[in-house]
Structures are given as structure tokens and as C-alpha cells.
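A.B. asks: In our numbering, the protein residues as written are 166 to 303. Quick one: structure below, then a few questions.
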């Protein structure tokens, strides 16, 4: 039995990243660090998202995390002896999240609609647009 083509291609991309990615951390000042992640790809690579485990840091040590315009989603959580940083580069992630918010607004009594909307809104990087979606879910 074989996996689907998307699964096989996804594993190939994942393994390629593991072998060829470059991550550097530079200390900017006493309380700021700059994390640079280079995920090289090939012509038809599609990297919607990836998770980077950063040992030795806790969520409670973080005041804020920011990303450049290439990132549409940015979230983090404690993981073992560090944090896992979820980076999302899907071009239409905001529109995807907004679609789930609209589904919730159309049927607010369906708990799964709200759960789906919260999931996608929470993975967006911090922005005024994210805050506006969060307010629509209150």
C-alpha cells in the first residue's frame, strides 16, 4: 500500500527542509533576538507551513514575536524543553480564516463552526485584521 501523492511529495519536501534549511539566531540587545529561517526549495515546492522547535526558551520569556510580510501565520506554544514556533506562508490564509468566521456568523449555534474559526484566526500572525476577526467571534 502506498501513500497519496500529496503525502509522498510532502514528506520529500519535509526531508529536504531538514537537510537543507538554515536557521540562525542573533542577539540584538539584552532582551531581543532575531531568528532568520531560510527554507530553500525547488521549482514546484509548496510550503504552506512548518514548525521549528527552539529549545531553552519558554512562552513566559516571550514578550512578542514578529515576522516579515512573507509570513501570514505565526503562533507558538511550549514544547518539551522549549517552544515550537509555527510559521505559515499560505498566501490566502487570512481569507481562509475569514471564510470560517463567516460560517460561524451564519450559524453561531454550531459549536464546530466557532472552533474552526478560532483555530484559523489564532494561527494568523498578529495584525489589525486578525484582531477584527477575533472581535467578530465574541
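Cβ coordinates follow ideal geometry from the N, Cα and C atoms, glycine included. None of the values given here were measured: they were computed from a predicted structure.
Which stretch, first to last residue, makes up the alpha helix (DSSP H) that contains residue 218?
C.D. replies: It is not in any alpha helix (DSSP H) - residue 218 instead sits in the beta strand (DSSP E) that spans 214 to 220.
A.B. asks: How would you call residue 248, buried or exposed, if buried means at least 16 neighbouring beta carbons within 10 angstroms?
C.D. replies: Answer is buried; the Cβ neighbour count reaches 16.
A.B. asks: What separation, rounded to the nearest whole angstrom, lies between the Cα atoms of residue 193 and residue 255?
C.D. replies: Each residue's alpha carbon lies about 28 Å from the other.
A.B. asks: Hey, quick one: how far does the beta strand (DSSP E) through residue 257 stretch, first residue to last?
C.D. replies: Where residue 257 is concerned, there is no enclosing beta strand (DSSP E), given that its DSSP letter is neither H nor E.
A.B. asks: Whose C-beta lies closer than 6 Å to the C-beta of residue 295 among residues of the same chain, with five residues either side of it excluded?
C.D. replies: Cβ neighbours of residue 295 beyond the five flanking positions: 289.
A.B. asks: When you compare the segment 221 to 234 with the segment 274 to 284, are there three or more beta-carbon pairs, one atom per stretch, that lie closer than 8 Å?
C.D. replies: In short, these stretches do not touch, since the Cβ pair count stays below three.
A.B. asks: Have a look at the DSSP bridge pairing and note the partners of residue 188.
C.D. replies: DSSP output for residue 188 lists 202 as bridge partner(s).
A.B. asks: Compare the beta carbon distance of residue 252 and residue 227 with 8 Å and say whether it is the shorter of the two.
C.D. replies: Taking 8 Å as the Cβ cut-off, residue 252 and residue 227 do not qualify as a contacting pair.
A.B. asks: Apart from the five residues just before and just after residue 266, which ones in its own chain have a Cβ nearer than 7 Å to its Cβ?
C.D. replies: Contacts found: 282, 286, 298, 301, 302.
A.B. asks: Does the separation of the CB atoms of residue 185 and residue 205 fall below 8 Å?
C.D. replies: Taking 8 Å as the Cβ cut-off, residue 185 and residue 205 qualify as a contacting pair.
A.B. asks: Under 6 Å Cβ to Cβ from residue 131, same chain only, skipping five residues before and after it: list those, please.
C.D. replies: Outside the modelled stretch of the chain, which goes from 166 to 303, sits residue 131, for which no answer is possible.
A.B. asks: When DSSP labels each residue in this structure, what does residue 302 get in the three-state scheme?
C.D. replies: Coil at residue 302, not helix or strand.
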